[in-house]
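Here the structure is laid out as structure tokens; the discussion comes afterwards.
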Amino acid sequence: MTAPPEASGLGSIGARAARGALWSGANALMMKLAGIAVMVVVVRLVTPHDFGVFAAALVVHAIVSSFGELGLSSCVARRDLDPEKVASTVAVLALVSSFVLAGGMVLAADPLAGLLGAPEAAAPIRVLSIAVFLGGVFTVPGALLVREFRQGKVFLASAVAFVPTNLVLILLAIGGDGAMAFAWSRVVSQLVSGIVMALSVDRTYWPSLRRAQVGPVLRFGLPLAGANLLGYSLLNADYAIIGAFLGPAELGIYTLAFTVASWSTSVMSSTINSVAMPAFSALQSGSAELRGFLARTSRMVALIAFPVMALTIALAGELVAVLYGSTWAAAAPVLRILALYGGVFALSLLMSNLLVGQGRAGSVFAVQAVWLIVLIPAVGLSLGPFGLSGAAWVHVAVIAIVIMPLYLRALRGTVPAAGRLLVRASGAPAAAAAGAALLGLAAASPVSGDVPRLILGGLTGTAAYLVLSAPMLRRALPAAVRGRAGTLLAFYDRLESTLPALRQRSKESIQ
Numbered sequence: 000m001t002a003p004p005e006a007s008g009l010g011s012i013g014a015r016a017a018r019g020a021l022w023s024g025a026n027a028l029m030m031k032l033a034g035i036a037v038m039v040v041v042v043r044l045v046t047p048h049d050f051g052v053f054a055a056a057l058v059v060h061a062i063v064s065s066f067g068e069l070g071l072s073s074c075v076a077r078r079d080l081d082p083e084k085v086a087s088t089v090a091v092l093a094l095v096s097s098f099v100l101a102g103g104m105v106l107a108a109d110p111l112a113g114l115l116g117a118p119e120a121a122a123p124i125r126v127l128s129i130a131v132f133l134g135g136v137f138t139v140p141g142a143l144l145v146r147e148f149r150q151g152k153v154f155l156a157s158a159v160a161f162v163p164t165n166l167v168l169i170l171l172a173i174g175g176d177g178a179m180a181f182a183w184s185r186v187v188s189q190l191v192s193g194i195v196m197a198l199s200v201d202r203t204y205w206p207s208l209r210r211a212q213v214g215p216v217l218r219f220g221l222p223l224a225g226a227n228l229l230g231y232s233l234l235n236a237d238y239a240i241i242g243a244f245l246g247p248a249e250l251g252i253y254t255l256a257f258t259v260a261s262w263s264t265s266v267m268s269s270t271i272n273s274v275a276m277p278a279f280s281a282l283q284s285g286s287a288e289l290r291g292f293l294a295r296t297s298r299m300v301a302l303i304a305f306p307v308m309a310l311t312i313a314l315a316g317e318l319v320a321v322l323y324g325s326t327w328a329a330a331a332p333v334l335r336i337l338a339l340y341g342g343v344f345a346l347s348l349l350m351s352n353l354l355v356g357q358g359r360a361g362s363v364f365a366v367q368a369v370w371l372i373v374l375i376p377a378v379g380l381s382l383g384p385f386g387l388s389g390a391a392w393v394h395v396a397v398i399a400i401v402i403m404p405l406y407l408r409a410l411r412g413t414v415p416a417a418g419r420l421l422v423r424a425s426g427a428p429a430a431a432a433a434g435a436a437l438l439g440l441a442a443a444s445p446v447s448g449d450v451p452r453l454i455l456g457g458l459t460g461t462a463a464y465l466v467l468s469a470p471m472l473r474r475a476l477p478a479a480v481r482g483r484a485g486t487l488l489a490f491y492d493r494l495e496s497t498l499p500a501l502r503q504r505s506k507e508s509i510q
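Everything in the sequence shown is counted per numbering that gives the first Met the number 0, starting at 0 for the first residue and increasing by one.
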């Protein structure tokens with residue numbers, strides 16, 4: 000497969016990726032904030048048991064859907080491959096694979112639900128099989144939008160789907176069937192957003208099998224699909240083990256904690272997956288351009304993920320109490336631990352996308368395999384003596400001690416000295432986030448009441464972080480955004496220029 004002409008013109012890649020990142024980030028942030036608001040309402044309508052039943056069903060859905068289109072969407076999204084040659088074949092293969100896997104979910108729903116310790120999850124699993132099939136139907140349109148950095152259209156799809164999705168969720172939850180409410184809302188979301196994306200592409204590629212392309216696209220897609228399968232398996236392995244050993248109610252508590260801990264990760268992951276991978280694929284391995292782009296994206300990921308992580312650790316108890324109520328208080332100590340995992344995971348996701356973009360999906364597969372092999376027994380052994388907190392600490396230890404070093408080792412030939420680059424890019428944001436969290440915690444400590452503590456601590460920590468990280472944020476912002484934020488940035492410029500004079504006057508007065 001030869002690269003299309005567009006792959007040779009890299010001058011606009013950075014600018015298009017930056018615009019795409021802004022759209023994707025804005026989309027993810029707005030949808031996340033809206034989703035949090037809806038979840039605050041819905042979680043108060045369901046019990047931890049119902050939430051755990053849905054979480055068990057979602058384990059099956061997440062693992063199956065990760066393999067549903069055989070990793071072939073990345074063949075269309077990669078800018079060094081020609082969609083005219085591969086898109087129609089990808090459409091056929093994605094339809095067939097998603098149909099087969101959805102049928103398997105329907106047939107195996109009962110035994111799978113039993114293995115997860117939640118027999119009531121069988122019906123939601125069958126409903127979620129519809130979402131798996133729809134994912135295959137809309138594989139190519141979604142990948143085309145990612146390829147062209149048209150995250151504005153992806154944002155539109157998410158926004159249009161938001162209202163019907165959450166209307167179904169809330170109405171069914173009020174009716175008393177919490178697990179099915181979540182399941183049907185996923186189906187509605189997949190259907191509506193898929194239709195909008197299909198209507199947004201400039202060209203429709205109808206399913207048509209080109210036999211000459213089957214081998215090449217499968218050789219690229221299957222290792223990536225295997226890596227995705229392992230990745231989603233390891234992301235859901237703890238859910239499966241906790242459900243099987245501790246039951247749906249404890250699984251519901253753990254799932255809520257992990258959901259809140261993943262706020263920054265979920266916002267960043269959509270941007271990283273939809274923008275960074277196509278951009279990485281257009282840059283040459285070992286080049287200064289690739290190294291520079293990795294440094295900039297690592298800094299941006301750290302600037303967003305780390306303050307959320309730090310403030311969540313500092314204010315976990317207040318956050319859970321205010322948003323979800325006393326019923327979910329047991330999630331707070333687990334959340335403090337998992338928030339740390341979420342910050343590190345965002346960086347690991349960037350590493351895996353770099354490898355995929357450089358055509359090294361096999362390396363990602365190998366790392367994911369090690370991750371799963373280490374994580375599963377460690378989580379199982381930790382539950383007995385340490386409970387949910389033990390499972391959370393296992394996540395942190397495995398990603399920090401095992402996985403990040405493996406990713407950095409895999410990157411040695413692609414980005415020399417990637418470890419030092421990552422430390423330089425993320426060290427200052429980490430320090431700023433830690434300082435802001437300490438200031439937020441100090442401000443909240445003398446105050447009584449969860450709501451005042453959360454508001455005061457959150458506002459203080461956020462303001463402190465913006466001040467501490469202002470120079471880094473300014474360098475990370477695209478030029479267009481810096482222009483729109485001129486007044487604020489000019490204030491920081493004046494402040495920076497004034498500080499040396501103030502220090503000199505202070506010294507003179509002391510003397």
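A virtual CB, placed ideally from N, CA and C, is assigned to each residue, including glycine.
Query raised in the report: Less than 8 Å separating the beta-carbons of Val259 and Leu334?
Result: yes
Practice item. Keeping to the same chain, check which residues put their C-beta closer than 7 Å to that of Asp109; ignore five residues upstream and five downstream. Key: Cβ neighbours of Asp109 beyond the five flanking positions: Ala121.
Does DSSP put Tyr323 in a helix, a strand or coil?
helix
Outcome for Leu380 when other beta-carbon atoms lying within 10 angstroms are tallied against a minimum of 16: exposed
- Coil, strand or helix - Val446 by DSSP: If DSSP states are grouped into helix, strand and coil, Val446 belongs with coil.
Between the Cα of Arg411 and those of Gly103, Ser207 and Arg290, spot the shortest distance and give me the residue it belongs to.
Arg290
_Check whether the region 300-314 and the region 430-450 are in contact - that is, three or more C-beta pairs closer than 8 Å._
Two segments are said to touch when three or more pairs of C-beta atoms, one from each, lie closer than 8 Å; by this definition the region 300-314 touches the region 430-450.
Suppose the cutoff is 7 Å on Cβ atoms and the five residues either side in sequence are ignored; what does the same chain contact list for Ala427 look like?
Met471
TODO: Look at the alpha carbon of Thr164 and the alpha carbon of Arg408, and state the distance between them as a whole number of angstroms.
DONE: Between Thr164 and Arg408, the C-alpha separation is close to 42 Å.
inquiry  = Report the CB separation of Ala431 from Tyr464 in whole angstroms; it is logged as a contact under 8 Å.
reply    = Sure, about 6 Å apart at Cβ, within 8 Å.
Distance check for Arg202 and Val126, CA to CA, integer angstroms please. Distance between Val126 and Arg202, taken at the CA atoms: about 31 Å.
Helix, strand or coil: how does DSSP classify Gln367 here? helix
On a Cα-Cα basis, can you pick out the residue from Val321, Leu374 and Ile402 that is closest to Gly448? Of Val321, Leu374 and Ile402, the residue nearest in Cα terms is Val321.
Just reading off the alpha helix (DSSP H) that Trp183 is part of, what are its end residues?
Gly177 to Ser199
First and last residue of the uninterrupted alpha helix (DSSP H) at Ser296: Note that residue 296 corresponds to Thr in the displayed sequence, not to Ser. Unbroken alpha helix (DSSP H) run through Thr296: Ala287 to Ala313.
Consult DSSP for Pro163 and reduce its assignment to one of helix, strand or coil.
helix
- Query: Are the Cβ atoms of Leu132 and Ala101 separated by less than 8 Å?
  - Reply: In the sequence as displayed, the identity of residue 132 is Phe instead of Leu. The Cβ atoms of Phe132 and Ala101 sit closer than 8 Å to each other.
Helix, strand or coil for Ala281, going by three-state DSSP, please let me know.
coil
*Given 8 Å as the limit, is there contact between the region 299-311 and the region 338-345, that is, 3 or more CB pairs closer than that?*
yes
6 Å Cβ shell around Val59 - same chain, five flanking residues per side excluded: Leu111 and Ile124
Go ahead and pull the three-state DSSP assignment for Val45. coil
Taking only the alpha-carbon atoms, compute the straight-line gap between Gly485 and Ser263 and give it to the nearest angstrom.
Confidence in Gly485 is poor, its pLDDT being 49 and thus under 50, which makes the residue's placement unreliable; the coordinate value appears in the next sentence. Those two C-alpha atoms are separated by around 27 Å.
Phe50 beta carbon less than 8 Å from that of Val42:
yes
What's the C-alpha gap between Asp237 and His394?
9 Å
For the candidate residues Ala180, Leu190 and Arg185, whose alpha-carbon lies nearest to that of Pro140? Leu190
Compute the beta-carbon to beta-carbon distance between Ser468 and Leu302, rounded to the nearest angstrom, for a pair I have assumed lies under 8 Å. 6 Å
Rounding to the nearest angstrom, what Cα-Cα distance links Gly389 and Leu382 in this structure?
Roughly 6 Å between the two C-alpha positions.
Status (buried if at least 16 other CB within 10 Å, exposed otherwise) for Ile129 = Looking at its Cβ environment, which holds 16 or more other Cβ atoms inside 10 Å, Ile129 is buried.
Would you tell me roughly how many angstroms separate the C-alpha atoms of Val401 and Leu387, rounded to the nearest one? 21 Å
Item to check | Buried versus exposed call for Arg419 [16 or more other C-beta atoms within 10 Å across all chains shown] | outcome: exposed
| said: Check this for me: beta carbons of Phe137 and Gly193, under 8 Å apart or not? | reply: yes
Discussion item. Between Ala54 and Thr254, how many whole angstroms is the CB-CB distance? I'm expecting something under 8 Å.
Written reply: 4 Å
With a Cβ-Cβ cutoff of 8 Å, do Thr326 and Pro118 count as a contact? no
Query raised in the report: Cα-Cα, which of Val89, Gly230 and Thr296 is closest to Val570?
Result: The structure shown has nothing for residue 570, since the chain only spans 0 to 510.
task = Tell me whether Arg452 is buried or exposed, calling it buried when 16 or more other Cβ atoms sit within 10 Å of its Cβ.
result = Here Arg452 is buried. Its C-beta has 16 or more other C-beta atoms within 10 Å.
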